[in-house]
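Written out below as structure tokens is the structure these notes cover.
Protein chains: 2
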Amino acid sequence: MISNSSKYAVKAVLYLAVNSSEDHKILAKDISRPTNIPKAYLSKILQELSKHNIVSSVRGPGGGFYLSDENIKTPLMKIIQVIDGDNRLTSCMLSLQECNAEHPCPMHDLVGNTKVNFVKNLEQNTVGDLVKNIKMGKSFLPL
Amino acid sequence: MISNSSKYAVKAVLYLAVNSSEDHKILAKDISRPTNIPKAYLSKILQELSKHNIVSSVRGPGGGFYLSDENIKTPLMKIIQVIDGDNRLTSCMLSLQECNAEHPCPMHDLVGNTKVNFVKNLEQNTVGDLVKNIKMGKSFLPL
DNA sequence: AGATTAAAAGACATTTTTATCCTTTATATG
DNA sequence: CATATAAAGGATAAAAATGTCTTTTAATCT
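So, in structure tokens, the structure goes:
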């Protein structure tokens, strides 16, 4: 569905959303342990997310990662797009160049609506929306 | 979404569904050209599909691949499962072991319904259903 | 039986994804 | 300013996905 890297990215962002703030930054290694994401690989992902203004970071002592008020408004789709690229979720089920309502592939209408809705959900919902779910008791950390 | 290999598999099966029959078998190379799938790789995929009774095959002169009346009833999900495994489409968006209605992850309800519907469509629709779409003019071959 | 055909099977090569390690740069603090 | 800290960046490694090539097996046809 989405890549492992994207799942790592979402988890890391959620961890920051719940646990960090501008005056309580968190180190990559301290995200790595509870989420069970390999530290060095997570660092690469956070670097990429930082470059795209999905997370905020500060170097040096007292530094680390956190989410700004802006960051919290990031749509989930943006995280996935930055890590997996534009096409993974939206491309045609048969990889046809032109597949749309006028020129649909044989699978287009079959899965089309649900796929479009799926993507729409990811575009409309933000990191902050998931935080609400977490506060209602839904866990995102491995057992 | 689904792997390239799965897209190859669906395309190859559709090509056979439209063009082959038990007394008009088709060679791997003759599926390869119109679908633009690398011949040797396609052969591997067809081999796997044959092993799982998704396509039928006969060796030797006059042999090749075709779809039996049984094969045509294959649900699309089965093709994807054989190539991509069980988890790619159905696993939790955050890869949690236990993610369901009772123990939902923060993304579960957000994308849950559309994802479930998506999978359900693939489970309920068969190769034969797509053939109907193709006969209504929907193309599955690259430009 | 011998020759030919075409899928099955196995070995190997390339590319992409995932993962690790080491060096550099920015920031803070004594 | 020197030193410690932590992310950024670059180089490298391992694993998985994709792709190619060669040999083997099964079927057909003289």
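In order, the protein sequence lines correspond to chains A and B.
Converting from the first sequence to this note's numbering requires adding 302 to each position, the first position being numbered 1.
Converting from the second sequence to this note's numbering requires adding 302 to each position, the first position being numbered 1.
The beta carbon of each residue, even a glycine, is placed where N, CA and C say it ideally should be.
Small disclaimer: the values here were computed from a predicted structure and weren't measured.
Counted within 10 angstroms of its Cβ, other Cβ atoms place residue i as buried (16 or more) or exposed
| i | result |
| --- | --- |
| B/N355 | exposed |
| A/N435 | buried |
| B/V360 | exposed |
| B/V418 | exposed |
Beta-carbon contacts of residue i that lie in its chain and below 7 Å, excluding the five residues immediately before and after
| i | result |
| --- | --- |
| A/L398 | C407 |
| B/I328 | L318, N321, S322, G366, F367, Y368 |
| B/T376 | I356, T428, V429 |
Own chain partners of residue i with C-beta closer than 8 Å, once the 5 adjacent residues on each side are dropped
| i | result |
| --- | --- |
| B/S358 | E324, S352, F367, Y368, L369, S370, N373 |
| A/L344 | Y310, A314, A330, I333, S334, T337 |
| A/K380 | H354, I356 |
| A/E400 | none |
| B/G364 | K327 |
Bridge partner(s) assigned by DSSP for residue i
| i | result |
| --- | --- |
| B/Y368 | B/S358 |
| A/S323 | A/H326 |
| A/P336 | A/P336 pairs with nothing; no bridge assigned. |
| A/P377 | A/T428 |
Nearest-angstrom Cα separation, counted from residue j out to residue i
| i | j | result |
| --- | --- | --- |
| B/V315 | A/H326 | 55 Å |
| A/V384 | A/M303 | 15 Å |
| B/D388 | A/M438 | 30 Å |
| B/N423 | B/K440 | 18 Å |
| A/K346 | B/K341 | 37 Å |
| B/E425 | A/M395 | 15 Å |
| A/H405 | A/L445 | 45 Å |
| B/I339 | B/S393 | 28 Å |
| B/L412 | A/N415 | 16 Å |
| B/L443 | A/A403 | 17 Å |
| B/Q349 | B/G362 | 15 Å |
| B/D431 | A/D431 | 38 Å |
| A/S305 | A/D386 | 7 Å |
| B/H410 | A/H410 | 24 Å |
6 Å CB neighbourhood of residue i in its chain, flanking five on each side removed
| i | result |
| --- | --- |
| A/L391 | V421 |
| B/V312 | I381 |
For residue i, the nearest candidate out of the options (CA to CA)
| i | options | result |
| --- | --- | --- |
| A/S307 | A/L412, A/N419, A/I382 | A/I382 |
| B/V433 | B/L378, B/S305, B/S393 | B/L378 |
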